[in-house]
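Each residue of the sequence shown is one higher than the one before, counting from 32 in the numbering used here. The beta-carbon is built from N, C-alpha and C at its ideal position, and this holds for glycine as well. These notes concern the structure reproduced below.
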Amino acid sequence: MNIQADSQRVWNTSECHAHMVLDGVDFRVALARHERAPEENFIRRILAAYRDAGITYVRDGGDTSKTSVRARELAPEYGIEYRTPIFAIHKNGFYGKIVGKSFDTLREYRQLIEEIKKAGGDFVKVMLGGILDFDVYPQINGGGLSAEWMREMVHIAHEEGFSVMAHVNGAEPICAALEAGIDSLEHGYLQTEESLSLLKETGAVWVPTISPLMNQIGDGRSPDNVLERYGAAQMDIVLRAMQLGVKLAPGSDAGAYLVPHVTGYQDELRWMLAAAGEEKERMIGVLERGAREIAERFRRM
Ligand SMILES: [Zn+2]
């Protein structure tokens, strides 16, 4: 794949999906680093790296140690607009523990929304689906939330004036989440024509996070052929989405394994361009509009 030519150029300055609390190396070590209190020097180093790379907007996906909150406080010193949901929310028994808090009942869910409000959260991040099994294609683990739950969760967040950033994979859960009214679709692997047309219809912004898969090729932790199938499928769907007029924004899931802050974002831009093939220029425009829309929608109304 010839994408070298664009590797030095950051033509979009909005990282729309990052986790300050994670470091791209080892999530256990990373979480431990900020466990007692956010490690300020570490946060400052990352913010400086974003600034030096020309990145001026970062949307965090949450954590349980207020690391992203500290990042938001420090970000103006670096000329960065930093947005955070404080923590992500997942239903007990489903995926999401690493970056969030959980609930069993709607009453508990409402309490979490209240907590986010008090902490000055910019938006709500919910885990509405599972994660890809990097060892088996195509397989999603830890999903299965009902459409009913999705509707309630999104509805309550909207009622409180929050936009909703939703982690979902798989065409069926994606359709349910879109019907529930999510504002941005995160990851969104294994889509179909049907989910894409719903995506287009609802006007939600899709952040495809290609880097977590593609950056692991050759690493040996998961089979390369599985990673390649997920990545290639996602890039095909991204191209199709662009052609259909779906809103797309660049976000790498920075902090995920082998997706370091800053360079992970640069990788993501390259993968998005690679997906666009001949239509690179069009993709640049689409991502610029998508990033602008994320910045506008994902702040407290
Ligand atoms: Zn995330």
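- Between T240 and D284 a beta carbon distance of about 4 Å is seen, short of the 8 Å cut, so the two are scored as contacting.
- Remark: the shortest separation between the CB of E299 and any heavy atom of ligand 1 does not fall under 7 Å.
- Ranking Y126, I117 and G160 by CA distance to the CA of G152 puts I117 first.
- DSSP places K148 in the uninterrupted alpha helix (DSSP H) bounded by L137 to K149.
- Taken through DSSP and simplified to helix, strand or coil, F193 comes out as coil.
- Rounded to whole angstroms, the Cβ separation of A322 and C47 is 6 Å, and the two are in contact under 8 Å.
- Scanning its chain for C-beta atoms nearer than 6 Å, with the 5 sequence neighbours on each side dropped, one finds around L258 the residues L244, Q247 and I248, in chain order.
- In the structure shown, M266 adopts helical secondary structure according to DSSP, grouped into three states.
- Among the bridge pairs identified by DSSP, M184 is matched with none.
- Contact between G201 and K156 does not hold, since their C-beta atoms are separated by about 18 Å, which reaches or exceeds 8 Å.
- In this structure, E145 has its beta carbon at no less than 7 Å from each heavy atom of ligand 1.
- Judged by DSSP in its simplified three-state form, K97 adopts coil rather than helix or strand.
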